[in-house]
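Residue numbers (the working numbering): 2 to 359.
Just so it is clear, CB atoms sit at the ideal spot from N, CA and C, and this is done for glycine as well.
A quick note: this is a predicted structure, and the numbers were derived from the prediction, not measured.
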Amino acid sequence: MPSQKVELIDTSQIDFDPENPRFYRLNDAHSVAAVIEEMLDDESVQDLMLSIGQKGYFEGEPLLVTKEGERYTVIEGNRRLAAVKLLNGEVPPPNRRRNSIATIQSEAIVTPPKTLPCLIYQNRRDVLRYLGYRHITGIKEWDSLSKAKYLAQLRDEFYAGLAKKEQMRSLSNDIGSKPDYVAQLLTALSLYIRAENSKFYALPIEAKDVEFSLITTALSYKKIVEWLGLESKSDIEMPSLNEENLKRALGWMFSKDQLGRTVLGESRNLSELAAVVTSEDAIAVLEDSGKLSEAFLYTDGPQVALEKALEEVSRRATVVWNMLPKTNPLTNDHLDQSDNVFEQIKAIRNFIRDKLED
2 MPSQKVELID TSQIDFDPEN PRFYRLNDAH SVAAVIEEML DDESVQDLML
52 SIGQKGYFEG EPLLVTKEGE RYTVIEGNRR LAAVKLLNGE VPPPNRRRNS
102 IATIQSEAIV TPPKTLPCLI YQNRRDVLRY LGYRHITGIK EWDSLSKAKY
152 LAQLRDEFYA GLAKKEQMRS LSNDIGSKPD YVAQLLTALS LYIRAENSKF
202 YALPIEAKDV EFSLITTALS YKKIVEWLGL ESKSDIEMPS LNEENLKRAL
252 GWMFSKDQLG RTVLGESRNL SELAAVVTSE DAIAVLEDSG KLSEAFLYTD
302 GPQVALEKAL EEVSRRATVV WNMLPKTNPL TNDHLDQSDN VFEQIKAIRN
352 FIRDKLED
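This is the structure in structure tokens:
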């Protein structure tokens, strides 16, 4: 960054950056209220307010701003600006945070500043590369969606005229990563944007429900990539994307039941999902039951699935048998449950026998 003179600017003249990658999920990144709420929810702004209120504002790290007319936009330092604006009462907190913010304000022993030290740049482009140094390779790391959005901004601003391979190489050099990882992030972003533009295909999910890193990780599984109609995990343009399968994948990964559970569950279950999507039988079971573990049994076909299920029943029965001598007393409830199991097993045996005799 070039050496420049630090200027003190009134906080009322400084606006938040609507293009900040962290605000990408917001319905309206131009809304101060939306930005403040996001900052309070995800950016530990209250902790920063406490620090400033007790120890004062550290002026050794100026905000990086651009001038637009008579006002300024903060490109680096949105979190610090939010903390100060809340402390000095310039912007109101959301209703659900009103009491906690009022407590921080009342307990502050240092008067919050009305002006902040800033370095002024001609345009956002001059600061863009520094953001990557600070929030991707630096200590204040962004989440994967913010990283992907930032990479897209870098690509469009600096490398739009290059071939894709050169774009990925240049971007990877900027953030100290590998071209394949950059391409995978941008492909995941393309999937996210397609879904977002399609209002998530009328699924019961919103942007805040989508764990973007899960989409990125899913692209590490070749079977999922092919099922989505992508040429590879680096297929950023996605000309052959199967949107019906994208809708299914999003539903399994992010739609929640009444207990807050998704069909996929944890990210480690992506390996099972990758196997399921290769089998129409397994997909049908997953859509019918909503149980990934059950659908996974069908990935080798119904016959093998039945064999595995019967083997599991046999193992469970052995466990129960070994528990009986150690359980005292046995109860009528135990007897009723065993009667139910007996009837179920007998019905299964009779069904198989009748089919074989037909």
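Per-residue burial, residue i [other beta carbons within 10 Å of its own, 16 or more giving buried]
i	result
N21	buried
K430	What the structure shows of the chain is the stretch from 2 to 359, and residue 430 is not part of that stretch, so it cannot be assessed.
T263	buried
P95	exposed
Q185	buried
V85	buried
A296	buried
K234	buried
Q5	exposed
W322	exposed
G252	buried
Q14	exposed
A260	According to the sequence provided, residue 260 is Leu. The question's Ala does not apply to it. L260 is exposed by the Cβ-count criterion.
G54	buried
R23	buried
Whole-angstrom C-beta distance between residue j and residue i, which should lie under 8 Å
i	j	result
V7	P118	5 Å
N329	L293	The Cβ separation is near 38 Å, so there is no contact.
R126	E158	6 Å
L129	L155	6 Å
L65	F17	Incorrect: roughly 13 Å between the Cβ atoms, too far for contact.
L163	A196	Not quite, the Cβ-Cβ distance comes to about 27 Å (not below 8 Å), so this is no contact.
Residues near residue i by beta carbon distance below 8 Å, same chain, minus five either side
i	result
S241	G230, L231, E232
N89	T12, P113, P114, K115
K356	none
L9	T116, L117, P118, C119
E167	Y160
A153	L187, L190
Own chain partners of residue i with C-beta closer than 7 Å, once the 5 adjacent residues on each side are dropped
i	result
S280	Y299, T300
A306	L298, Y299
A189	A149, F213, I216, T217, L220
M50	A84, L87, L88, I105
E108	G54
M2	No answer about M2 holds up, because its pLDDT of 47 lies below 50 and its placement is not dependable.
Through-space distance from residue j to residue i, alpha-carbon basis
i	j	result
G61	P19	25 Å
L27	L311	50 Å
L287	I194	26 Å
G177	V183	10 Å
V111	L41	21 Å
Y58	L132	21 Å
N79	D210	24 Å
M1	P205	Because the chain in this structure spans residues 2 to 359, residue 1 falls outside the shown range and cannot be described.
D144	K347	54 Å
E71	V92	20 Å
Q123	K68	7 Å
E244	D289	20 Å
K224	E273	11 Å
S52	V33	22 Å
E308	A250	28 Å
V36	Y25	10 Å
G266	R316	25 Å
F343	I353	16 Å
Cβ neighbours of residue i in the same chain (closer than 6 Å, five flanking residues each side left out)
i	result
P63	V7, P118, C119, L120
K179	S173
W228	N246, V278
Specify whether the region 96-113 and the region 69-79 touch according to this definition: at least 3 beta carbon pairs, one from each stretch, less than 8 Å apart.
Two segments are said to touch when three or more pairs of C-beta atoms, one from each, lie closer than 8 Å; by this definition the region 96-113 does not touch the region 69-79.
The region 141-149 / the region 164-173 touching (three or more Cβ pairs under 8 Å)
With a cut-off of 8 Å, the region 164-173 and the region 141-149 do not count as touching, because too few Cβ pairs lie within range.
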